[in-house]
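Let me begin by presenting the structure, written as structure tokens, before commenting on it.
2 protein chains.
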Amino acid sequence: MIQNPISLQEVRIADEFWSKYEELVRGTVIPYQWEALNDRVPGAEPSYAIRNFRIAAGLEEGEFGGLVFQDSDVAKWLEAVGYSLSSHPDPELERLADEVIDIIVKAQHEDGYINTYFTIKEPGRRWTNLLDCHELYCAGHLMEAAVAYYQATGKRKLLDAACRYADYIDTVFGPEPDKLQGYDGHQEIELALVKLYKATGNEKYLRLSRYFIDQRGRKPHFFIQEWERRGHIGYWRQEPTGEPDLKYNQSHLPVREQDAAVGHAVRAVYMYSAMADLALLDGDEELAEACRRLWSSITEKQMYITGGIGSTHHGEAFSFDYDLPNDTVYAETCASIGLIFFAHRMLLLEPRSEYADVLERALYNNVIGSMSQDGKHYFYVNPLEVWPEASRHNPGRRHVKPVRQPWFGCSCCPPNVARLISSLGRYIYTAKDDTIYAHLYIGSEATAPLSCGDVRLEQQSSLPWDGAVKLTVRPEREQRFAIALRLPGWCGEARLAVNGQAVDYALEHGYARIERVWSPGDTIEWELSMEPLLIQAHPYVRANAGKAAIQRGPLVYCLEEADHEAPLSSIALPGKPVFRLRRDPGLPGHPVVIESEGNSDAVADDPRLYRPSMKRSKPVRVKAIPYFLWGNRTPGEMCVWIRS
Amino acid sequence: MIQNPISLQEVRIADEFWSKYEELVRGTVIPYQWEALNDRVPGAEPSYAIRNFRIAAGLEEGEFGGLVFQDSDVAKWLEAVGYSLSSHPDPELERLADEVIDIIVKAQHEDGYINTYFTIKEPGRRWTNLLDCHELYCAGHLMEAAVAYYQATGKRKLLDAACRYADYIDTVFGPEPDKLQGYDGHQEIELALVKLYKATGNEKYLRLSRYFIDQRGRKPHFFIQEWERRGHIGYWRQEPTGEPDLKYNQSHLPVREQDAAVGHAVRAVYMYSAMADLALLDGDEELAEACRRLWSSITEKQMYITGGIGSTHHGEAFSFDYDLPNDTVYAETCASIGLIFFAHRMLLLEPRSEYADVLERALYNNVIGSMSQDGKHYFYVNPLEVWPEASRHNPGRRHVKPVRQPWFGCSCCPPNVARLISSLGRYIYTAKDDTIYAHLYIGSEATAPLSCGDVRLEQQSSLPWDGAVKLTVRPEREQRFAIALRLPGWCGEARLAVNGQAVDYALEHGYARIERVWSPGDTIEWELSMEPLLIQAHPYVRANAGKAAIQRGPLVYCLEEADHEAPLSSIALPGKPVFRLRRDPGLPGHPVVIESEGNSDAVADDPRLYRPSMKRSKPVRVKAIPYFLWGNRTPGEMCVWIRS
């Protein structure tokens, strides 16, 4: 009997759709990012990240470069490398990673401290500006990298260094009067310490994570006190700043009292992920309840249909309920990745299909849409409506880029995509007690370590283009246990067959649970209907009034100027559109595109800016392509929400 | 024979609609602003403007307060006082104005210079930062005030001071090598010098205006050179700044080469006004052509239906063609007033009804909508769509206020409204050769000085609630001349009668011109149809796709939450709405409101953020009120553009 729900780490992806992403990350993204981290990508903003570590290690002379949290890019790259090596050993890549780890360990101080900014630029000012300087954030990423690399290779060098650093941090922060009663301005270490605890079994790390979570938001407010100690001087400008905005980093209230997702979206979801981890490990129902409230706040009131979160670029933040503008949107890639982290942990806490629905939504739309098909260009902001001229000429929309960029000065997103995709296998299943839950339908081979013995699962899936899923179940011997299949929120009807025989099923929190004695080689067929859906938003979402979006399976669709006459805003779908599906060889991966009749009122023969309403329109063919593929042709307008 | 077209200055307004605005300005706004200028309005940001002059005059000790261009608020107030005294003598107000003028003149330097900022705060640094510091802008406003006050009272004290200042400025700026080949960062003096020339006949002022206009945008760029001389230090922050954005203040190109309205909207229209002045005075067809191009750029591609201009709060600026977002709008009050200045001068240049149409549109909507019915609260930004929660919680919309504010730290708008309304009479007619053009239909008495002698015109008008206009013509004796009546762009059909007899008419550039021998007491009846119109925007205006606005006569209408269930975005008009009109005693001034059947799809029984499109709706009553009256009830949502 498995006591705790587990995420299946040993999953090998073999999937028509996803294998090429995994391949892209392994063959292109990881090597490309290695070049970027070494400032060798022509035309891209330099990273300085490896160079900083070399300087801090005494291997090179020079000044610190990049942002104060530049170290985290190296860590996220190493984490991705770790995941990639787990499934695809690569001695050359491992050698490169070992070299980087050598440098990092050389840059570690006697007491365990690792941070190139404070080592090079502000020695002696450690822990004086937790609000802005991301020290514990960088530490957290290093821990995540260490755990991933250790699990992949068995090598302890970075893990030991991370533990030494964590041990040192534990001497600095805590409830004792001689320690700092503080926490980081950018949450991350909280979830990383949980991973470190799971990898090492050392409860100290779990206690420290719990401390950071529960101390946050308590009065007197740490960030106010710290700001006063600094004489009100901030990091970003060397001049007095106003009192810190505690909502921005979710330290305005004790986390257990928080009801609404506010502030910087990435900070928020990283913190909620750690809260869910602790709620599960500690059986802490109060914390679990806070997680559920914050989950609802995001997914019922503040999430784009693409799984994007963060409505405003001011502070890369949530704004308020139902404020989901499509054009001035933020929807940062990292925030959707953090939402996936949160969703995954909620699934471990309690398998309910709504968590997996959101996980899938963010994954298939916002996250993979952020990366170009060549793996070398990224969106940081993932808009639902683009007018390239507005991005150029209206300053309020300048943050929305109509084409993916080669790299960013603040390059948090590309390595985050890499580490997510290279660890995608572990999001497919969870297991709890005697039940294996299948959340995602991705061709793969997995082993679920049930108490009755290991169960191998082979999955074949034709998603996202088709709804046929087949699982072959291979327990070591005949065994009674359960397999629970998620019925996706987008699926109107699903047919289940076991060993070729149709089977009725009841839903339990959105899962079709089949408990029986399974024999090696038993098969489950799960046929999901994938009718194109016309989706509307809650009427409180002002931005989508009178509009609809097209979704089929997990994929949200969009219109692009490449297929239509601009402006796209002139196009309206008929009352009851008849959708036609076809594979389009003109787009990367030959995706299913959805076509329909429509009307355009872009009657351009009257130049007047304002004129009597004419209600004239002409028929047009509407062609919707998967959102994740937008921006791979001639740059132009794009929209997800269509007048309807 | 009148050689030059003239604006009729001697017009007395007697109008059901407008007299109360004039009254409001005289009885409330001017006294209230006097209190504000003296920092005596509780709860409002202090102005410091009078105090600065007292300090500069040596009457008080203290520091400069307010913005670098604070002087202009005093000047605009004095200008409004001048106009008000012209039509309504008021010895007490005149005494107050004389006292202020005494202080201003005391603050004038030996050489003629007047500017409290540089007198108090940065003596010795005159003319070192024309880009940012508004010196010539303040000078211009002082000149406008001096002319208005002189014309109202015959008193020359301020006029003489203004001339001394202008004479001094003429020794500083000009083509001669020992002078500055520069101009101001905020255009204003150009049009003021034309007024000073007209009041004094001194051609030096006209030459100087011409110099500022024609020097602007020439290479080498003055603002770049000046910025280099300042070591790249700006005014707003004492640190090096990037190269000045020349488009912001329209100095990127020689004005004659400019095709598109760009940059800060107020700066732009003040400059275009001076260009039109000079084009007329100099018979300069090249400059006139530039004015026409810039006029088209604004009114055919960058103007809101309310006559608001400036689509973005970043730089209070134009953005680009057809970019007219309703929610992140700027549409500053001053910019619409400047557009009225420009339109008026274009009418002097060539009477075409399109200029008057825009003038009227800006006046009846953006401008009077900016002021509360009590004259004490103002909008600086005039949105076409308001969601109060978004104004509070979405930083990209924080500049949009859902309620009028008592005063502004940068209080350019309220005194600008005061000077416009108190001089409104001069916008009603122009005269050219032997034709009197009636542009606005406002009850009034005017005298047109034709070459054949003075012609008195009495106008009665029931606008904006009804379309009946009656003119009584009183030449000194029987005379042949012409009266041209504007057929407004919003009017489908107009009936003309002279002395009770129906008369056919042909249109000449939008005017029904009646040339005949007029006898004293002849009457013209001009019956304008005022059917409510459903207006659509050009399809390139993405923000208004699928939407329509309601207009009746010059008034644009809007919906308010006070009359509807929020969100207003849920409301749609039927395909062919049947409009019902009624006077509403529940709103200030008992306006005509427009009602229609409509539908709302705010079906709130499904809490899901995204769900299959249901196309469910319920019938609702739609009630539209004049835009200028929005925000006079319980604060809530407002929108001009309605789904249709």
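Line by line, the protein sequences give chains E and C. Okay, so the first sequence: first residue is 1 according to our numbering, each after it adds one. Okay, so the second sequence: first residue is 1001 according to our numbering, each after it adds one. Yeah, the Cβ is synthetic: ideal placement off N, Cα and C, and Gly gets one too. Here the structure is a predicted model, which is why all the values come from computation and not from measurement.
Checklist entry - Hey, C/Y1083 and C/K1376 are a contact pair by Cβ (cut 8 Å); roughly how many whole angstroms apart? => result Here the question's residue 1083 of chain C lines up with position 83 in the second sequence. Here the question's residue 1376 of chain C lines up with position 376 in the second sequence. So it is not a contact: roughly 20 Å between Cβ atoms.
Next on the checklist: I need the boundaries of the beta strand (DSSP E) containing E/C558, first residue and last residue.
Outcome noted: Residue 558 of chain E sits at position 558 when you count from the first residue of the first sequence. Looking at the DSSP string, the run of the beta strand (DSSP E) that includes E/C558 is 555-560.
Item to check | Below-8 Å beta-carbon distance, E/I309 vs any chain C residue | outcome: Indexing the first sequence from 1 puts residue 309 of chain E at position 309. Not one chain C Cβ lies under 8 Å of E/I309.
Checklist entry - What distance in whole Å lies between the Cβ atoms of C/E1332 and C/V1386, which are believed to be in contact at a cut-off of 8 Å? => result Locating residue 1386 of chain C in the second sequence gives position 386, where the first residue counts as 1. Locating residue 1332 of chain C in the second sequence gives position 332, where the first residue counts as 1. In fact, because the Cβ distance is near 16 Å, the residues do not count as touching under 8 Å.
Next on the checklist: I need the boundaries of the beta strand (DSSP E) containing E/S461, first residue and last residue.
Outcome noted: As a position in the first sequence, residue 461 of chain E is number 461, starting the count at 1. First-last of the beta strand (DSSP E) with E/S461: 453-461.
Item to check | Complete alpha helix (DSSP H) runs within the segment 1169-1255 of chain C (minimum length 4 residues, chain order) | outcome: 1189-1200, 1203-1215, 1222-1229
Checklist entry - chain B beta carbons: is any one of them nearer than 8 Å to that of E/T328? => result Considering every chain present, this structure includes no chain B. Its protein chains are E and C.
Checklist entry - To the nearest whole angstrom, what separates the beta carbons of E/G443 and E/A49, a pair I think is in contact under 8 Å? => result Here residue 443 of chain E is taken as the residue at index 443 of the first sequence, counted from 1. Here residue 49 of chain E is taken as the residue at index 49 of the first sequence, counted from 1. With a Cβ gap of about 35 Å, E/G443 and E/A49 do not count as contacting.
Checklist entry - Are the C-beta atoms of E/Q3 and some chain C residue less than 8 Å apart? => result Looking up residue 3 of chain E in the first sequence gives position 3. Because E/Q3 carries a pLDDT of 44, less than 50, the predicted location of this residue cannot be relied on, and no value is offered for it.
Next on the checklist: Please identify the residue among C/A1448, C/L1287, C/L1246, C/H1134 whose C-alpha is closest to the C-alpha of C/I1213.
Outcome noted: The residue labelled residue 1213 of chain C in the question sits at position 213 within the second sequence. Checking every option, the nearest Cα to that of C/I1213 belongs to C/L1287.
Next on the checklist: For C/N1249, would you say it is in contact with chain E, using Cβ-to-Cβ distances shorter than 8 Å as the test?
Outcome noted: Within the second sequence, residue 1249 of chain C is the residue found at index 249, counting from 1. Not one chain E Cβ lies under 8 Å of C/N1249.
Item to check | Nonlocal neighbours in the same chain, by C-beta distance under 8 Å from C/I1002, ignoring five residues either side | outcome: For this step, residue 1002 of chain C is matched to residue 2 along the second sequence. The predicted position of C/I1002 is uncertain, since its pLDDT is 40 and thus under 50; a value taken from the coordinates is nonetheless stated next. Counting only Cβ-Cβ distances below 8 Å, and skipping sequence neighbours, we find A1431, K1432, D1433, D1434, P1449, L1450, S1451.
Item to check | Same chain only: Cβ atoms within 7 Å of E/A97, ignoring 5 sequence neighbours per side | outcome: Your numbering for residue 97 of chain E matches position 97 in the first sequence. These residues qualify, in order along the chain: L78, V81, Y149.
Next on the checklist: Quick test of your reading: E/T306 and E/N365, contact by CB under 8 Å. State the CB separation rounded to the nearest angstrom.
Outcome noted: Counting from one through the first sequence, the residue named residue 306 of chain E turns up at place 306. Counting from one through the first sequence, the residue named residue 365 of chain E turns up at place 365. Right, the Cβ-Cβ distance comes to about 4 Å (below 8 Å), so this counts as a contact.
Checklist entry - Under a Cβ-count criterion, where at least 16 other Cβ atoms within 10 Å of its own Cβ denotes burial, should C/T1116 be classed as buried or exposed? => result Position 116 of the second sequence, counted from the start, is the residue given in the question as residue 1116 of chain C. Flag for C/T1116 reads buried.
Item to check | Pick from C/I1550, C/P1388, C/D1323 that is closest to C/Y1540, judged by C-alpha positions | outcome: Against the second sequence, residue 1540 of chain C aligns to sequence position 540. It is C/D1323 whose Cα lies nearest to the Cα of C/Y1540.
Next on the checklist: Run through chain E and tell me which residues come within less than 8 Å of C/H1650, C-beta to C-beta.
Outcome noted: Nothing in the structure corresponds to residue 1650 of chain C, since chain C is present only between 1001 and 1644.
Item to check | Delimiting residues of the beta strand (DSSP E) encompassing C/S1444 | outcome: Counting from 1 along the second sequence, the entry for residue 1444 of chain C is found at position 444. Note, C/S1444: beta strand (DSSP E), 1444-1450.
Item to check | Contact between the segment 1338-1351 of chain C and the segment 1556-1576 of chain C (3+ Cβ pairs under 8 Å) | outcome: no
Checklist entry - Helix or strand or just coil, what does DSSP make of E/E10? => result Position 10 of the first sequence, counting from 1, holds the residue named residue 10 of chain E. Looking at E/E10 - three-state DSSP - the assignment turns out to be coil, as it is neither helix nor strand.
Checklist entry - Do the CB positions of E/I535 and C/R1643 come within less than 8 Å of each other? => result The residue labelled residue 535 of chain E in the question sits at position 535 within the first sequence. The residue labelled residue 1643 of chain C in the question sits at position 643 within the second sequence. If you check the CB distance, E/I535 and C/R1643 do not come in under 8 Å.
Checklist entry - So which residues on chain C does E/A545 lean against when the C-beta distance must stay under 8 Å? => result Here residue 545 of chain E is taken as the residue at index 545 of the first sequence, counted from 1. What E/A545 touches in chain C: P1567, S1569, S1570, D1601, R1643.
Next on the checklist: Is there a Cβ of chain E sitting closer than 8 Å to that of C/M1303, yes or no?
Outcome noted: In the second sequence, the residue the question calls residue 1303 of chain C occupies position 303. With 8 Å as the cut-off, C/M1303 counts as an interface residue toward chain E.
Next on the checklist: Judging by CA-CA distance, which residue of E/I224, E/N326, E/D504 is the nearest neighbour of E/L246?
Outcome noted: To locate residue 246 of chain E, count along the first sequence from 1; it is residue 246. Considering only alpha carbons, the answer is E/I224.
Checklist entry - Looking at the structure shown, is C/R1352 part of a helix, part of a strand, or coil, going by DSSP? => result Taking the second sequence and counting its residues from 1, the one referred to as residue 1352 of chain C is at position 352. Looking at C/R1352 - three-state DSSP - the assignment turns out to be coil, as it is neither helix nor strand.
Checklist entry - With E/L420 and E/V367 assumed to form a contact (beta carbons below 8 Å), what rounded beta-carbon distance in angstroms separates them? => result In the first sequence, the residue the question calls residue 420 of chain E occupies position 420. In the first sequence, the residue the question calls residue 367 of chain E occupies position 367. Rounded, the Cβ-Cβ distance is 7 Å, consistent with contact.
Checklist entry - Who pairs with E/K432 in a beta bridge, going by DSSP? => result Counted from its first residue, the first sequence places residue 432 of chain E at position 432. In DSSP, E/K432 forms a bridge with E/T435.
Item to check | Ordered list of beta strand (DSSP E) runs contained in the segment 517-584 of chain E, each at least 3 residues | outcome: 522-528, 533-537, 547-552, 555-560, 580-583
Next on the checklist: Rounded to whole angstroms, what is the Cα-Cα separation between C/N1382 and C/Y1557?
Outcome noted: For the purposes of this step, residue 1382 of chain C is taken as the residue at position 382 of the second sequence. For the purposes of this step, residue 1557 of chain C is taken as the residue at position 557 of the second sequence. Approximately 14 Å between the Cα atoms of the pair.
Item to check | Assigned exposure category for E/T200 - 16 Cβ within 10 Å defines buried | outcome: Residue mapping note: residue 200 of chain E aligns to position 200 of the first sequence, counting from 1. Per the 10 Å Cβ criterion, buried.
Checklist entry - What is the DSSP secondary structure of C/I1305, counted as helix, strand or coil? => result Walking along the second sequence from the start, residue 1305 of chain C turns up at place 305. It is coil, neither helix nor strand.
Checklist entry - Would C/W1236 count as contacting chain E if we go by Cβ distances under 8 Å? => result Here residue 1236 of chain C refers to the residue found at position 236 when the second sequence is read from its first residue. For C/W1236, the answer is no, since every Cβ of chain E falls outside 8 Å of its Cβ.
Checklist entry - Looking at the unbroken alpha helix (DSSP H) that takes in C/I1483, where does it start and where does it end? => result As a first step, residue 1483 of chain C is located in the second sequence; it is residue number 483 there, counting from the start. If you look at C/I1483, you'll find it isn't in any alpha helix (DSSP H); it sits in the beta strand (DSSP E) that goes 1479-1486.
Checklist entry - Buried or exposed: where does E/H590 fall if 16 or more other Cβ atoms within 10 Å of its Cβ makes it buried? => result On the first sequence, residue 590 of chain E is found 590 positions in, with the first residue counted as 1. Exposed, since its Cβ has fewer than 16 Cβ neighbours within 10 Å.
Checklist entry - What distance in whole Å lies between the Cβ atoms of C/A1317 and C/G1263, which are believed to be in contact at a cut-off of 8 Å? => result Your numbering for residue 1263 of chain C matches position 263 in the second sequence. Your numbering for residue 1317 of chain C matches position 317 in the second sequence. Their Cβ separation, rounded to whole angstroms, is 5 Å, which keeps C/G1263 and C/A1317 in contact under 8 Å.
Checklist entry - If you compare alpha carbons, which of E/S19, E/R513, E/I6, E/V11 is closest to E/S462? => result Your numbering for residue 462 of chain E matches position 462 in the first sequence. Nearest C-alpha to E/S462: E/S19.
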